[in-house]
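Residue numbers (our numbering), protein chains in the order written: chain A, 1 to 199; chain B, 200 to 398; chain C, 399 to 597; chain D, 598 to 796.
Read the structure below first, then the notes.
Number of protein chains: 4
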Amino acid sequence: MNKGRLEAFSDGVIAIIITIMVLEIKVPGGETLTTLKPLIPKFVSYILSFVYVGIYWNNHHHLMHAVKKVSGQMLWANLNFLFWLSLFPVAAGWMGENHFALWPVVVYGVVLFLAAVSYTILVMVIEKTEGENSLVVNAIGNDSKGKISLLFYVAGVALSFINPWFGVTFYFIVACIWFIPDRRIEQAMRQQNTIDEKH
Amino acid sequence: MNKGRLEAFSDGVIAIIITIMVLEIKVPGGETLTTLKPLIPKFVSYILSFVYVGIYWNNHHHLMHAVKKVSGQMLWANLNFLFWLSLFPVAAGWMGENHFALWPVVVYGVVLFLAAVSYTILVMVIEKTEGENSLVVNAIGNDSKGKISLLFYVAGVALSFINPWFGVTFYFIVACIWFIPDRRIEQAMRQQNTIDEKH
Amino acid sequence: MNKGRLEAFSDGVIAIIITIMVLEIKVPGGETLTTLKPLIPKFVSYILSFVYVGIYWNNHHHLMHAVKKVSGQMLWANLNFLFWLSLFPVAAGWMGENHFALWPVVVYGVVLFLAAVSYTILVMVIEKTEGENSLVVNAIGNDSKGKISLLFYVAGVALSFINPWFGVTFYFIVACIWFIPDRRIEQAMRQQNTIDEKH
Amino acid sequence: MNKGRLEAFSDGVIAIIITIMVLEIKVPGGETLTTLKPLIPKFVSYILSFVYVGIYWNNHHHLMHAVKKVSGQMLWANLNFLFWLSLFPVAAGWMGENHFALWPVVVYGVVLFLAAVSYTILVMVIEKTEGENSLVVNAIGNDSKGKISLLFYVAGVALSFINPWFGVTFYFIVACIWFIPDRRIEQAMRQQNTIDEKH
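Below, the structure written as structure tokens:
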């Protein structure tokens, strides 16, 4: 099967998701600077979501790079991941429109959580297909970063009921953790190359 | 001719269709959880349609993989298929907006039916171009799965006049039938490889 | 320079144009079949425009296939062509919304005409870059098909002032003329291959 | 790492940005020619923005062509650039909707300025990764064109407070300066080829 087409399709969907999020920022009604003011929370929500989708694209890019065989299960796990990612624009729009109120922040966190779960499933399916001792398994390891993220999302959602800004802060922290692309795969690949050259 | 560009264009269109469907789920008006309630049928409609477009992408992916020569007729049969696929967002939106009422469910079924017919035409054009004994012909065979789907769509549309949920159930069953990607092609390719290796 | 990226970008833009046209068909307000009635002219306009964009994609596909060197001028001629193509959705939407009234039909014809002119410019720039005796020059020849189209657009726009349906008919005839993809290039390539094999 | 996928993703995002800008030109309400009149400033704004995005795509095309190694930093600098580019549709729509009034013109200029800054950062990151004596460093040199652009944007924004049309004129001049694609890279590549051939 063809890895290239899976990457191209995923890139297409992610490119569209990251771009249609900006459509939630509607052209303001007046021509004065004050008419931009209601757009500020939407803009903050857009930046956060843009960074999130960017992180996922980066990690997806690294993950797929390590894939050797594409299986039918992988295609579906990938589509499942893209499905949850596709809910980012509407969740981000709702959160921005309502100035980071309780329920929009909670729902945004749930969408982030489910996207992270679906990404974890994708990684697991790939690891199963590629087999032990594969590049992906060596690179991801026990995936402590992924597990911490899931914990932080749950904490963020829970703490939002005290104050929604706690939730936003936790989501922001996860973004910071992931901001650094998955160097583990890069490192594993370099090691693999070194091993290959020795033989 | 260039198969890669046909795949890339189809991937682009399918990626856009699958993503703009989410635009039918408008950002809700209020900030409470109850304002999400009217979105539930739209969300269900979105999931069903996402799975459908995902199935078509998967099968298209497998089908194109088996293609060796691209003809002018194939380009048009492919565009015809993409045309019917492009009606999914508006049909799904109408069905979700009206809580699976009679006519929206019927029209959705008709669009599903015509998309399936156009896909069958695409397969037939490819089989004709590739010739007998080709990979595609061996793989698809008499296409019983495709014929059953067409029958189920007709049944679903007809039974909707008794209760629209019968229709939705039938559409859902077809999705389940196709959920498993077209392993027939995968199998045929493996056999082909075995034969090639023997010679 | 990289022909692949020019093709990929053009495919992306054309894929988006062909798909966002469907967004002009808004989800109808009611749940009865009669609420679909106002969509019929929009749907007809969508079909006509889909076929047009499909024809351009097909011909662009063939044209680029014959290109050997990509120049800076070619990039701009290509962007100019994509610009006029990008006006199809709004022109088609206006024509459909107003049930093929005079001015929408005239403006649609003018957009078709200017897209055709920009495509002709693209062909000329490519012919100039590729040089005489190139594949493209042999294939396109004196481009009688392109010249007839321009004439028919002008005629269609003019006759719309008697009755807009004359205009629509003329636009439809041009679509029929071009429906057959540019076999001239296919033929020229086959001849080229035959010549290459002889040497 | 894979340069192809970075290019494909950037092309996807840029293709979507350049195309969704046209969605700001809404289908006019009436069927007479006069209903098109309010669209004129939007159309002018669309043309200017289309040319800008086209210029960036062209230069990005040339820049990436000279890249040999893709680093994690490069991915983020590229995403940052795409972020600012994604604000063009809403900024252009606001400017067009308000007939080039003061604040929309100022904000448009600020977006242009920040996109230019983010592009400069991308160039700097690439130059750092590729190292001295690389193709990119030789080609871009001290980037006088980029520095002049930044200056013109600042001047345009400042002069808008006297008359917004001064601002628009300055933005237009920058577009003219860049209209000619970055031939410096093309020249440097040709020289490189000549050097390579000599050895």
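Beta carbons: idealized from backbone N, C-alpha and C, even for Gly.
On a predicted model such as this, the values are computed, not experimentally measured, just so you know.
Could you list which residues in chain D have their beta carbon closer than 8 Å to that of residue i, in chain order?
i, result
"I524/C", "Under the 8 Å cutoff, chain D gives no residues; its nearest Cβ is about 17 Å from I524/C."
So is residue i in contact with chain B if we call contact Cβ pairs under 7 Å?
i, result
"V137/A", "no"
"F83/A", "yes"
"E130/A", "no"
"V90/A", "yes"
"A155/A", "no"
"P104/A", "yes"
"L112/A", "no"
Specify, as a first and last residue, the run of the alpha helix (DSSP H) that residue i falls within.
i, result
"S447/C", "437–463"
"F152/A", "144–159"
"S715/D", "699–727"
"M472/C", "470–483"
"K202/B", "202–219"
"N138/A", "135–140"
"P227/B", "Segment: none, P227/B is in no alpha helix (DSSP H) and carries neither H nor E."
"I571/C", "562–577"
For chain D, check one thing: does any of its Cβ atoms lie closer than 7 Å to the Cβ of residue i?
i, result
"V561/C", "Position check: residue 561/C holds Asn in this sequence, whereas Val was assumed. By this cut-off, N561/C is not an interface position."
"E405/C", "no"
"I416/C", "no"
"S516/C", "no"
"G507/C", "no"
What in chain A is Cβ-close to residue i, meaning under 7 Å?
i, result
"G211/B", "G12"
Report the neighbours of residue i on chain C: residues whose CB is nearer than 7 Å to its CB, in chain order.
i, result
"Y612/D", "Note on residue identity: the sequence assigns Ala, not Tyr, to residue 612/D. The contacting residues are F407, G410, V411, I414."
"V765/D", "The contacting residues do not exist; V765/D stays about 19 Å from chain C at best."
"L278/B", "G452"
"W403/B", "This structure does not reach residue 403/B, given that chain B is present from 200 up to 398, and the question cannot be answered."
Any Cβ of chain A within less than 7 Å of the Cβ of residue i?
i, result
"V269/B", "no"
"N695/D", "yes"
Of all the CB atoms in chain C, is at least one closer than 7 Å to the CB of residue i?
i, result
"G720/D", "Looking at the sequence itself, residue 720/D is Val, so the reference to Gly does not match. It does not; no Cβ of chain C falls within 7 Å."
"V664/D", "no"
"A314/B", "no"
"S285/B", "yes"
Please compile the residues from chain D whose C-beta is within a distance smaller than 7 Å of the C-beta of residue i.
i, result
"V174/A", "Near V174/A there are no residues of chain D at all, since even the closest Cβ is about 17 Å away, more than 7 Å."
What residues of chain A sit near residue i, judged by a beta carbon separation below 9 Å?
i, result
"A755/D", "Under the 9 Å cutoff, chain A gives no residues; its nearest Cβ is about 16 Å from A755/D."
Output, in chain order, the set of chain D residues within a Cβ distance shorter than 9 Å of residue i.
i, result
"L473/C", "G651, W654, N655, H658, P778"
Which bits of chain B does residue i rub up against, with CB to CB less than 7 Å?
i, result
"N2/A", "H264"
Exercise. The region 44–65 of chain A: which residues have C-beta closer than 7 Å to a C-beta of chain D, in chain order?
Worked result: F50, G54, W57, N58, H61, H65
Exercise. Do three or more CB pairs link the region 90–109 of chain A to the region 270–278 of chain B at distances below 8 Å?
Worked result: no
For this session: Check whether the region 122–129 of chain A touches the region 60–70 of chain A, counting contact only when three or more Cβ pairs, one atom from each stretch, lie closer than 8 Å.
Result: yes
For this session: Using a Cβ-Cβ cut-off of less than 7 Å, give me the residues of the region 24–35 of chain A that come near chain D, in sequence order.
Result: I25, V27, P28, E31, T32, L33
Exercise. With contact counted as at least three CB pairs below 8 Å, one residue from each stretch, are the region 300–316 of chain B and the region 232–243 of chain B in contact?
Worked result: no
For this session: Decide if the region 364–378 of chain B is in contact with the region 345–356 of chain B; the criterion is three or more beta carbon pairs, one per stretch, under 8 Å apart.
Result: yes
Problem set entry | Cβ contact check for the region 450–460 of chain C and the region 246–253 of chain B: 3 or more pairs under 8 Å | no
Exercise. Can at least three beta-carbon pairs, one atom from the region 133–142 of chain A and one from the region 113–120 of chain A, be found at a separation below 8 Å?
Worked result: no
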